[in-house]
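Q:
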Amino acid sequence: MMLPFVLWYYYAWPKDKSRLLYFVLLSLLIIYNLTGGLFPDPQIKGIPVTVQNIIAYGSGFLMASYFPFYFYKAYHLEGLRWHAVYGVPAFLLLPYLIFFGVVYPLTGDLEFVIDYGMIIPFLYVPVLLWAILRSMQLQFKCNDQSLYPSRKGEMLAGYWAVFPWGLMTVFSYLHVAQWIEVLSTNMGFLIITTLFMIRSGRMERMEKERQLAMNVLDDKQKADFTETCLKNRLSKREAEVAELHCQGLTYEQIAENLFIGKRTVDTHVQRIYFKTEVNRKIDLQRKLGYWFNMVKS
């Protein structure tokens, strides 16, 4: 029942996607801390120690694997797309499934599983951390094109927050004390929580300011624009994209505002131009009546 609700919430309420992403992150952290504190414990009856270790290490792998996806979606780091979608499942989750899901139950040798099962994640982590840092640097260079620009301090803090989680496989491979691992990862989460609150506050403030600016157009103008979009057979989403496009927002800014991918925006814009039979933004503004709205305002 929970998965359908999460999927419905994610797609039905696009403005709250960043909060949902953070909620998932918080839930995984709670699970990680609970399993790390409880397991393994031979005194717990009904759950074999082997299963306890699988769950404990699995929560850590799952948490570390979610971080790249979180930063990719929440901070719109397009450079992380390959790692979030393909790299992490192949080089973090797959080794876990093979060694902890298959080898460990068959052999019962936890030391062997850690020594050999962590080799690929151990080698992949530096590549992943470099990709995160590089993606943040590229985004900061294009900060002036972002609808919700980030400050340099926030970008650096975000990187150092994810750094301990990227090193979880290193901690396990080197048998670092659990309290050091837990302290490091939880400190990273506190930094991310602070950044989330700062970013959410800024986004809400900027969104209110943008909405106030848009409200300069009276109801009749908005109704005329909507009617024109319908006459040109634009869908509801295409009309939203067309309005933001006519306002002069870049594809990146439209993607941020509607919480969709840049490629999706490009596809919508192509369809909008095809349906309206124009090939320039200024002609699109005139075709949809937005040109006259801009002149009047």
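Numbering (the working numbering), first residue to last: 2 to 298. C-beta atoms are modelled at their ideal positions from N, C-alpha and C, and glycine is treated no differently.
Pairs of beta-carbons, one from the stretch 61-74 and one from the stretch 168-186, closer than 8 Å: are there three or more?
A: Contact holds: three or more Cβ-Cβ distances are below 8 Å.
Q: Relative to the C-alpha of A132, which residue among M119, A178, A85 and I99 is closest?
A: The candidate whose alpha carbon is nearest that of A132 is A85.
Q: At the level of alpha carbons, what is the spacing between K263 and N54?
A: Approximately 41 Å, taken between the alpha carbons.
Q: Quick one: what's got a C-beta closer than 7 Å to L95's C-beta in the same chain, skipping five residues either side?
A: Contacts found: none.
Q: Tell whether a beta-carbon distance below 8 Å holds between Q138 and G37.
A: No, these two residues do not count as a Cβ contact at 8 Å.
Q: If you check the beta carbons only, do P165 and S185 fall under 8 Å apart?
A: Against a cut-off of 8 Å, the Cβ pair of S185 and P165 comes out as a contact.
Q: Enumerate in chain order the residues of its own chain whose CB-to-CB distance from L111 is below 7 Å, with the five nearest sequence positions on each side excluded.
A: So the qualifying residues of the chain are N54 and Y105.
Q: Could you check what DSSP says for K276 in three-state terms: helix, strand or coil?
A: Here K276 sits in helix by DSSP.
Q: Let me know the secondary structure DSSP gives N233 once reduced to three states.
A: In the structure shown, N233 sits in coil (DSSP, three-state: anything other than H, G, I, E or B).
Q: Which residue wins for smallest C-alpha separation from G159, given the options E182, P43 and I192?
A: Of E182, P43 and I192, the residue nearest in Cα terms is I192.
Q: Under three-state DSSP, which class holds P106?
A: The answer is helix: DSSP assigns P106 an H, G or I state.
Q: So for L59, helix, strand or coil by DSSP?
A: A quick correction: the sequence has Gly, not Leu, at residue 59. Helix at G59.
Q: Could you say if the stretch 252-260 and the stretch 271-283 meet the contact criterion of at least three C-beta pairs nearer than 8 Å?
A: The stretch 252-260 vs the stretch 271-283: no contact.
Q: Specify, as a first and last residue, the run of the alpha helix (DSSP H) that P49 falls within.
A: No alpha helix (DSSP H) holds P49; DSSP gives it neither H nor E.
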